[in-house]
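Please read the structure below before turning to the comments.
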Amino acid sequence: MSDVRNYEMYKGVFQGYNLNPAYLDEVFSPAGEVLPHYSLVLDQFQHFTAEDFKELNELAKVSFFNQGVTFAVYSDKARGVERIFPFDLFPRIISAQDWNHLERGVIQRNMAINLFIQDIYHKKQILRDGIVPPELIFSSSHYTKAMLGFSPIGNIYNHISGTDLIKHSDGEYYVLEDNVRCPSGVSYVLSNREAMKKTLFNLFRKHNILSVQDYPQQLLAMMQSVAPETDNEPTCVVLTPGVYNSAYYEHAFLALNMGIPLVEGRDLFVDRNYVYMKTIYGPQKVDVIYRRIDDPFIDPLAFNPNSVLGIPGVLGAYREGNVTLLNAPGTGAADDKAVYSYVPDIIKYYLAEEPILNNVHTYRCELESDYNYVLEHMEELVVKPVDESGGYGILVGSCSTREQREELKKAIKANRRKYIAQPIMSLSLHSTFIEDENKFEGRHIDLRTYTLLGKDKQFVLKGGLSRVALTKGSLVVNSSQGGGSKDTWVLSK
Amino acid sequence: MLSRIGNSLFWMGRYIERAEHVARYTKVHYVSSLDAPLAQNKEIALESILDMVGVQAAYYQKHAQLTDDDILYYITLDDSNPFSIAANINGIRENARGTRDSISIELWEIVNRFYHNVNNYNAAKLQHKGIFNFSREVEEFCTLAKGYVSNTLIRNEVWMLISLGIHLERAIQISKIILNKLYDVAKIDPSQQGGTLYSYQWTMLLKSAESFDMFQRHYKNNATRRNILDFLIFNPSFPKALTYNLNYLQNNIQAIGFQEEKTKGSLTFKIGKLATQLQFLTIEEVEENAIEFMNKTLEKLFNLARLLEEKYLIF
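Chain order of the listed sequences is A and B. Numbering of the first sequence is given in the numbering used here, commencing with residue 477 and proceeding in unit increments. Numbering of the second sequence is given in the numbering used here, commencing with residue 2 and proceeding in unit increments.
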């Protein structure tokens, strides 16, 4: 058949491209045929040599560096070294059909999680009905007593959710993790798209790709929908820990693109349960705070008294309904990796619907049978602490040493509630330009989607952040662990 | 606007102007010192560079002698000198980074790019490129940055506060340069080639203030002490002159419209008094006691800056 293109037709950069039958390849079928939604990109790529790619790669890098899309790497030099977040020029493409399924799935999931959070801070019906064990919630360090009996405006808790998905070797998407405590990374989605449009503009003419640029406007509209009632247009702000925070670029980026102030804790103060910011013309009332500071640091009066990042008294103003915080304090009790395993039940319980997205089977070490299974099958499992983020503390059984496993077993015995385990999921592979090799190779990827929940409105960013594990064979995609990213295209049909 | 942002914008403006003046002063003095009429005069030129930045004592703590390379490295790049040109560039960038949601992308990118450029310098590269090229890069960057300030920003508080910083710092730097040269001139021994040395120092004053050409156009080569001081202090239409910058500050502070009573201690009152004083003084009244006059003016400028920060830009 003449119209079936095989990767072997693409000489040069795809020379010697290895298909690994153990994993699903996003671009090629097991027989090496280019999947239909990738064919136009591959046709374009065959006009490039490895040298061309190198050049394009450099162009994109310079663009990121000059924009200051960097994170600091600490060193002994007086001024820190700055690195860009590695970016790959081969876009990840999601068909309209797949996307439709994913979008419905993450909205369903995050709305159910929202109802769950509301419930655990009010009637706790789901605990009474024995669907979720009460100890699981009450033992969580994120469960926040200050939220008991309080209803935020619009009854929204997880205004912004990051749902991490992977595509398994069975061709199905699975949810790997829910992030409902101010997930980060969305600025990379928008910056990646800009970089792609500058370097590979030809590709955009040939595809109908859904835009990501409306995210800041959607975010602002969501913030306004949950503002306390005011006479004027509500004042919304982004609260950052400051320029030395590794995600500062993102905080500034979002504030800039929404056209609202970027504030630090020291810019704000509370007077008679209202929050104000200090301006050159005197105090100005603040109505909605998108805070990028973790719960324990947000109010030294209510939580960690040593925090210099937060605003003394803000929680009092919040409970009076005079200011909206997003996400709400205490949402972390729901994105705990042990609670994750109950999400399908949570969806059925509140929405009386079947979950649209799959959950990965999870072993909870606190259950006797699961505990024994994990200890005996550690080599076939991924073991994760329930309350860490950024990929820290994860053990991939198949890549671990005997000592590492023994050490972890001890840690689990000491604190069973802290650990869960999952079968090793086969994250799909996506061809990625590898600089050192000067050619394309398959690398594991995942997808973080961003869902906004406002008063009577839901929005999902079209696409999201495709993270790539750049190290050969690695399954850990976090940027703090050597991951990179790709522009993610959702086709409109 | 947040007071913290106001503070950062104000200081971004000040650091841009300061980096430019220090770079130019260093370049002019170093290049002139290479063929200075007398060896003693070379020393005056080199020490003058340290005095301009106020780091003579700190320099001697680190180095026993005045040597060209040590001075140039200390003034431009040395991490142990908090007033080096690199430290100023870092100050510009840190303040720009903290106000990225207020300034234009163009302004941010030029600042960020130049910061990395300077960060890539070390002693060897400085020596290879030479102080003339290094300083010219800094001056050109500062001019570009100010170009973006003028051409990409809305004329609102953001622009006004950066401009306030630029013009206040310029008034301070020009005053310091004048004062420094007055002191340098006072060091000259008139019995030794007095005439040549005087005109040599006055030329350096004009070049350090980037005013040499305009002065010549204006005064047709009539470079006397009186004419030079008159030009740099009292000319209302020359952008480097003290009076020009004070008038600018007065308009700017009124335009920002800080919420204040127009009392004796207010910002509007103080800048008004300072600017008007210069409008109604003549060179004849100050030239005899020029050092005293410049010292007093400088003190008033520092007080103005302090008042502005303490009242409106504190957070």
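Where is the CB? At the ideal position from N, CA and C, for every residue including glycine. These numbers come from a predicted model, not from an experiment.
Exercise. Output the residue ranges of the beta strand (DSSP E) runs that lie fully inside the region 772-806 of chain A and measure 3 residues or longer, sorted by chain position.
Key: 800-802
Quiz item: Can you tell which of A:E534, A:V656, A:H683 and A:F626 has the C-alpha that lies nearest to the C-alpha of A:I569?
Solution: For A:I569, the closest C-alpha among the options A:E534, A:V656, A:H683 and A:F626 is that of A:H683.
Quiz item: Is B:L319 close to chain A, meaning its C-beta is less than 8 Å from at least one C-beta of that chain?
Solution: As shown, chain B starts at 2 and ends at 316. That puts residue 319 of chain B outside it, with no answer to give.
Exercise. Identify the continuous alpha helix (DSSP H) that holds B:A97 and give its terminal residues.
Key: Taken as a continuous stretch (DSSP letters only), the alpha helix (DSSP H) holding B:A97 covers I86 to G99.
Quiz prompt | Contact belief for A:I642 with A:W965 at Cβ below 8 Å, rounded distance in angstroms | solution = About 18 Å; that fails the 8 Å criterion.
Quiz prompt | Pick from B:N8, B:K263, B:Y16 and B:D231 that is closest to B:L282, judged by C-alpha positions | solution = When only C-alpha atoms are compared, the closest one is B:D231.
Quiz item: Straight-line CA distance for B:Y149 to B:I155?
Solution: 11 Å
Quiz item: Of all Cβ atoms in chain B, is any one closer than 8 Å to the Cβ of A:P737?
Solution: yes
Quiz item: With DSSP run on the structure shown, which of helix, strand or coil describes B:F281?
Solution: coil
Quiz item: Hey, how far is the Cα of A:S616 from the Cα of B:G99?
Solution: Cα to Cα, A:S616 sits roughly 36 Å from B:G99.
Quiz item: Going by the beta-carbon positions, is the gap between A:V713 and A:I765 smaller than 8 Å?
Solution: Yes.
Exercise. Could you tell me if A:N798 is buried or exposed, where buried requires 16 or more neighbouring beta carbons within 10 angstroms of its beta carbon?
Key: Of the residues assessed, A:N798 falls on the buried side of the cut-off, its CB having 16 or more other CB atoms within 10 angstroms.
Exercise. Could you work out which residues of chain B lie near A:R742, taking near to mean beta carbons separated by less than 9 Å?
Key: R5 and F316
Quiz item: Is it the case that the Cβ atoms of A:L951 and A:G960 are separated by a distance below 8 Å?
Solution: no
Quiz item: According to DSSP, is A:G718 helix, strand or coil?
Solution: coil
Quiz item: Quick one, which of A:V819, A:Y895 and A:C841 has its alpha-carbon nearest A:E829's?
Solution: A:V819
Exercise. Label A:E740 either buried or exposed according to how many other C-beta atoms from any shown protein chain fall within 10 Å of its C-beta, with 16 as the threshold for buried.
Key: buried
Quiz prompt | Within chain A, partners of B:R114 - CB distance below 9 Å | solution = F541 and N542
Exercise. Determine the chain B residues that contact A:T755 at a beta-carbon separation under 7 Å, and present them in chain order.
Key: M2, L3 and S4
Quiz item: If the cut is a Cβ gap below 8 Å, which residues of chain A does B:I95 touch?
Solution: Reading the sequence as shown, one finds Glu at residue 95 of chain B and not Ile. Correct list: V719.
Quiz item: Among all the DSSP beta bridges, which residues are the ones paired with A:M698?
Solution: A:M698 pairs with nothing; no bridge assigned.
Quiz item: Where does A:K889 fall in DSSP's three states?
Solution: helix
Practice problem: Quick one: residues in its chain with C-beta nearer than 8 Å to the C-beta of A:G718, no 5 flanking neighbours on either side, listed in chain order? | Solution: Y724, E740 and L785
Quiz prompt | Identity of the residue in A:R795, A:D528, A:Y839 and A:E670 nearest A:N749 by Cα | solution = A:R795
Quiz item: What is the C-beta distance between B:G258 and B:M13, in whole angstroms, given that I count them as a contact (C-beta under 8 Å)?
Solution: At roughly 21 Å, the Cβ-Cβ gap does not stay under 8 Å, so B:G258 and B:M13 are not in contact.
Self-check item: Among A:I593, A:I632 and A:I607, the one whose alpha carbon lies nearest that of A:D932
Solution: A:I632
Quiz item: Got a sec, what are the start and stop residues for the alpha helix (DSSP H) B:N354 sits in?
Solution: Past the edges of chain B, shown from 2 to 316, lies residue 354 of chain B, and the structure says nothing about it.
Quiz item: Does A:L696 have its Cβ less than 8 Å from a Cβ in chain B?
Solution: no
Self-check item: Local conformation of A:D552 per DSSP, three classes
Solution: Low per-residue confidence applies at A:D552: pLDDT is 45, beneath 50, and the placement is therefore not dependable enough to give any value.
Quiz item: Are there 16 or more other CB atoms within 10 angstroms of the CB of A:P776, so buried, or fewer, so exposed?
Solution: buried
Quiz prompt | Interface partners of A:A731 on chain B, CB under 7 Å | solution = D102
Self-check item: Proximity to A:R767 [Cα-Cα], best of A:A804, A:D654 and A:H920
Solution: A:A804
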